[in-house]
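**Q**
In the UniProt record's numbering, the protein residues as written are 1 to 132.
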């Protein structure tokens with residue numbers, strides 16, 4: 001994958017898992033990876049920046065991933081950012097609720113680097129292209 005422009009926001013409360021996702025993204029050519037350890041930290045970042053992609057854990061200590069995704073979708077300047085939900089929750093209901101919140105993709109933990117790359121490519125390919 002070629003060098004990607006724009007920052008990627010990784011929202012994950014587990015420092016180890018957050019680092020792993022960040023490392024995977026960097027190995028795929030994403031040079032600017034920002035990390036947030038909570039939903040509130042993610043909202044604060046999003047108030048100031050517009051990342052090209054958000055990798056979002058569903059279960060966060062304060063605000064759920066659903067709520068963070070709903071915030072992104074309801075904010076005009078952010079609403080077309082792809083959101084990849086990453087969760088250990090495997091229930092159909094969880095995925096359905098994530099889709100209702102507006103996620104672009106849903107990846108179940110644990111996953112392989114190949115599964116992560118595939119899901120990421122699918123999510124990025126589906127995003128609307130900006131007219132030049």
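Glycine included, each C-beta is placed from N, C-alpha and C at the ideal position.
Let me check understanding here. Comparing Cα to Cα, which of 113, 12, 122 lies closest to residue 24?
**A** 113
**Q** For a test of the three-state rule: what should DSSP assign to residue 26, helix, strand or coil?
**A** helix
**Q** Which two residues bound the contiguous alpha helix (DSSP H) that contains residue 83?
**A** Looking at the DSSP string, residue 83 is not in any alpha helix (DSSP H); the run it does join, the beta strand (DSSP E), is 83-87.
**Q** For the stretch 81-88 against the stretch 96-111, do three or more pairs of beta-carbon atoms, one drawn from each stretch, fall closer than 8 Å, so that the two count as touching?
**A** The stretch 81-88, when compared against the stretch 96-111, does touch it at the 8 Å Cβ threshold.
**Q** Alpha carbon to alpha carbon, what distance is there between residue 94 and residue 133?
**A** Outside the shown range of the chain, which is 1 to 132, sits residue 133, and nothing can be said about it.
**Q** Out of 15, 7, 21, point me to the one whose CA is closest to residue 111's CA.
**A** 21
**Q** Starting from residue 72, trace the alpha helix (DSSP H) in both directions and tell me its first and last residue.
**A** Residue 72 -> alpha helix (DSSP H) spans 65-74.
**Q** In three-state terms, what does DSSP make of residue 35?
**A** strand
**Q** With 16 as the cutoff for other CB atoms within 10 Å, does residue 74 come out buried or exposed?
**A** exposed
**Q** Put residue 123 into one of helix, strand or coil per three-state DSSP.
**A** In the structure shown, residue 123 sits in a helix (DSSP, three-state: H, G or I).
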